[in-house]
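Visitor: Encoded as structure tokens, here's the structure I'll be asking about.
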Amino acid sequence: MLRSVILAASRNRGIERLVSNAPVSRAVVRRFVGGGDASAAVGAASTLVEDGLLVTLDHLGEDTGDARQAGVIAEEYLGLLQALGRAGLAERIGPLTARAEVSVKLSAIGQALPGDGEKIALEHARRICAAARAVGATVTLDMEDHTTTDATLATLVELREDFPETAGVLQSYLRRTEGDCRALSGPGSRIRLCKGAYKEPASVAYQDDLDVDVSYVRCMNILLAGQGYPMFATHDPRLVDIARERAKFHGKGQHEYELQMLYGVRPSEQRRLAREGETVRVYVPYGSDWYGYLMRRLAERPSNLSFFLRSLVSKR
Ligand code: FDA
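For the sequence shown, my numbering assigns the number 11 to the initial residue and increments by one for each residue that follows.
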């Protein structure tokens with residue numbers, strides 16, 4: 011119920027204006043967003059790297075409505091990658107993995123544009139992959155709602171012909187995902203596995219949390235048994251424990267898979283896992299278009315909402 015209310019608010023322009031202009035929002039944004047621009051995001055990334063974590067940076071924004079804006083966002087990524095290179099953060103730590111990488115939503119760079127949107131997004135994604143390669147970094151294509159899954163996976167396959175280090179994301183709430191895991195568990199395939207963040211119909215997605223978790227574990231086993239580099243994106247302590255146990259079972263060392271979490275979510279746990287030798291990557295969103303992202307995080311976990319409300323009355 012609360013989740014539906016928050017998700018509805020995430021699409022309401024009036025509430026967006028109200029929340030965006032409230033001075034108190036700044037405290038919440040500071041917790042979950044790595045900064046307003048690339049230079050602030052690189053600063054946040056440096057701090058995480060100093061703490062023994064890896065990072066993936068995401069320029070906030072999705073569903074770009076015009077071709078010019080898609081180009082502006084692609085340029086933003088090119089500037090970000092150069093800044094990561096200059097800051098010494100883009101160093102490779104394995105043949106396919108870098109200390110810092112970027113996460114890109116294809117809808118932000120034109121995928122949803124009418125006509126040749128997919129082609130426009132592919133061309134921008136190619137430029138971003140080339141810029142990443144030039145500084146040593148890598149790219150992950152975020153996954154959006156199920157109507158885009160086929161197009162995004164097709165773009166991933168095309169990009170991997172020239173940039174095999176490019177990663178994709180699969181969502182365990184989708185009924186199709188076990189099959190996608192099998193298809194994408196070959197040599198060198200970097201796949202981030204998450205539960206999935208969009209509201210999807212029962213025809214394509216499990217609706218019960220337990221089914222989503224069981225699917226996550228089945229997918230985890232497929233990826234770990236494969237020859238790729240799985241990246242388990244979850245804050246769920248049970249799934250993190252199972253991932254570590256299953257990795258051992260499948261004979262994967264701590265540098266042959268990653269655990270991933272979001273900036274500001276369970277930060278002490280991120281550092282604890284890294285101290286125990288796990289490869290932990292933090293997803294750092296940045297930019298001014300934070301409203302939709304933040305509302306999805308609040309919808310996922312109502313106690314994040316109480317954190318927000320507490321900050322309304324807090325003096326600091
Ligand atoms: P979930 O929200 O189901 O929580 C399970 C349990 O985890 C809770 O019961 C609690 O015990 C613990 N927990 C969760 N949050 C906590 C908190 N703040 N503090 C303490 N404990 C907490 N989605 C998508 O559709 N496409 C994508 O490309 C991505 N990319 C992505 C990258 C990364 C790095 C992450 C971590 C996540 C994504 N996601 C995503 C989002 C993902 O699909 C999912 O919506 C969220 O991660 C929430 O699901 P969890 O598995 O984290 O646990």
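For glycine and all other residues, C-beta sits at the position ideal for the given N, C-alpha and C.
1. Taking C-alpha atoms, which residue in 169, 143 and 223 lies nearest to residue 181?
2. Tell whether a beta-carbon distance below 8 Å holds between residue 269 and residue 253.
3. Is residue 217 near ligand 1, judged by its Cβ being under 7 Å from some heavy atom?
4. Need the endpoints of the alpha helix (DSSP H) that residue 119 sits in, please.
5. Sorry if obvious, but does the Cβ on residue 191 come closer than 7 Å to a heavy atom of ligand 1?
6. What number of angstroms, rounded off, separates the C-alpha of residue 43 from the C-alpha of residue 56?
7. Please state if the CB of residue 80 and the CB of residue 125 are separated by a distance shorter than 8 Å.
8. Is it the case that the CB of residue 272 approaches a heavy atom of ligand 1 more closely than 7 Å?
9. Hey, out of 160, 82, 185 and 108, whose CA is closest to residue 137's CA?
10. I think residue 17 touches residue 209, with their Cβ atoms under 8 Å apart; what is that distance to the nearest whole Å?
11. What is the C-beta distance between residue 150 and residue 179, in whole angstroms, given that I count them as a contact (C-beta under 8 Å)?
12. Using DSSP with H/G/I as helix, E/B as strand and the rest coil, what is residue 100?
13. Using three-state DSSP, classify residue 241 as helix, strand or coil.
14. Would you check whether ligand 1 has a heavy atom nearer than 7 Å to the C-beta of residue 305?
15. Indicate whether residue 20 and residue 305 have their beta-carbon atoms separated by less than 8 Å.
16. Can you list the alpha helix (DSSP H) stretches of 4 or more residues lying completely in the segment 175-215, in chain order?
17. Can you list the beta strand (DSSP E) stretches of 3 or more residues lying completely in the segment 103-174, in chain order?
18. Going by beta carbon distance, what residues of the same chain come within less than 8 Å of residue 106, once the five residues before and after it are set aside?
19. Can you determine whether any heavy atom of ligand 1 sits closer than 7 Å to the C-beta of residue 204, and answer yes or no?
20. Buried or exposed for residue 259, going by 16 or more other Cβ atoms inside 10 Å?
21. Return the first residue and the last residue of the alpha helix (DSSP H) that residue 52 is part of.
22. Go through its chain and collect everything with a Cβ distance to residue 310's Cβ below 8 Å, but skip five positions before and after it.
23. Kindly examine ligand 1 and report whether one of its heavy atoms sits closer than 7 Å to the Cβ of residue 153.
24. Is there at least one non-hydrogen atom of ligand 2 closer than 7 Å to the beta-carbon of residue 239?
25. Three or more C-beta pairs under 8 Å: does that hold for the segment 291-300 against the segment 61-77?
26. Let me check one thing: in DSSP terms, what residues is residue 296 bridge-paired to?
27. Less than 8 Å between the CB atoms is what I'm expecting for residue 132 and residue 168, so what's the real figure, rounded?
Guide: Per the coordinate set shown:
1. 223
2. yes
3. no
4. That residue, residue 119, is in no alpha helix (DSSP H); it is neither H nor E in DSSP.
5. no
6. 14 Å
7. no
8. yes
9. 82
10. 6 Å
11. 7 Å
12. coil
13. strand
14. no
15. yes
16. 187-193
17. 110-114 and 148-151
18. 148, 174, 175, 198, 200 and 239
19. yes
20. exposed
21. 48-60
22. 13 and 207
23. yes
24. The model on display carries ligand 1 but not ligand 2.
25. yes
26. 69
27. 6 Å
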